[in-house]
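Engineer:
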Amino acid sequence: MISLPNVFSFSRLLSVPVAVWLMIDGHMTAAFWLFVAAGVTDALDGYIAKRFNSRTELGAYLDPLADKTLLVGAYLTLGWLGHIPAWLVILVVFRDLLIVGGAIVVHAITQAFVSKPMTVSKVNTACQIALVAMVLAKLGLNFGDPVAITILVALVAATTVISGLAYLVHWTRRLNHKDPVQ
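Using my numbering, the first residue of the sequence shown is number 11, and each one after it goes up by one.
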């Protein structure tokens, strides 16, 4: 249960309230660097788990929980502070709730649910991370292009909608027994 990848994931989860506090308190430079450090630990835990065959059941839950908690915390905070459009925050959070709720419903009905993230979901997550990083870099380091931020907002919105719809289609097929358990 205690492995280096799990320690990294757990530290990322514990960094969420610190990151939120830093943003609310106006310490955007520190929030940016904490976000970067969280990204590094995410990459490291994945690499170590695969390279040294140290994957655990706890890690399978802890890693995505830490990632989603950090992103949702960042979106809610940056939205509340007016640095990310409120409509985008609502869209991102709603999609995440839809995915969690859908997973619970499919599991409750089928009693057999294993899920792997879809490619469009991975693209969406990458866009979400890029937007938060760019906004924090602009606020904390005065580094970032407003046009790039606008493009990232559009990309996050588009991939969020596409990803949410893809999960709905996938789960509908699964519940109609037209798709294997995934």
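Just so it is clear, CB atoms sit at the ideal spot from N, CA and C, and this is done for glycine as well.
Compare the Cα-Cα distances from Trp-31 to each of Gly-83, Ile-139, His-180 and report the closest residue.
Structural biologist: Gly-83
Engineer: Under 8 angstroms: do the segment 149 to 158 and the segment 177 to 188 share three or more Cβ pairs, one atom per stretch?
Structural biologist: They do not touch, by the three-pair rule.
Engineer: Spatial neighbours of Val-26 within its chain, please: CB distance less than 7 angstroms, with the 5 preceding and 5 following residues excluded, ordered by chain position.
Structural biologist: Thr-79, Leu-80, Gly-83
Engineer: Quick one: complete alpha helix (DSSP H) runs, 4+ long, within the segment 114 to 163?
Structural biologist: 129 to 151
Engineer: Span of the alpha helix (DSSP H) holding Ser-19?
Structural biologist: In the DSSP annotation of this structure, the continuous segment of the alpha helix (DSSP H) that includes Ser-19 starts and ends at 14 to 34.
Engineer: Measure the C-alpha to C-alpha separation of Val-191 and Thr-135 and round it to an integer number of angstroms.
Structural biologist: Note on Val-191: pLDDT 49, under 50, position unreliable in the model; the coordinate value appears next. Cα to Cα, Val-191 sits roughly 23 angstroms from Thr-135.
Engineer: Contact between the segment 90 to 105 and the segment 166 to 179: three or more CB pairs below 8 angstroms?
Structural biologist: yes
Engineer: Who are the near neighbours of Leu-91 in its chain, counting only those whose CB is closer than 8 angstroms to its CB and skipping five residues on each side?
Structural biologist: Met-33, Ile-34
Engineer: Put Pro-74 into one of helix, strand or coil per three-state DSSP.
Structural biologist: helix
Engineer: What three-state label does DSSP hand Leu-185 in the structure shown?
Structural biologist: helix
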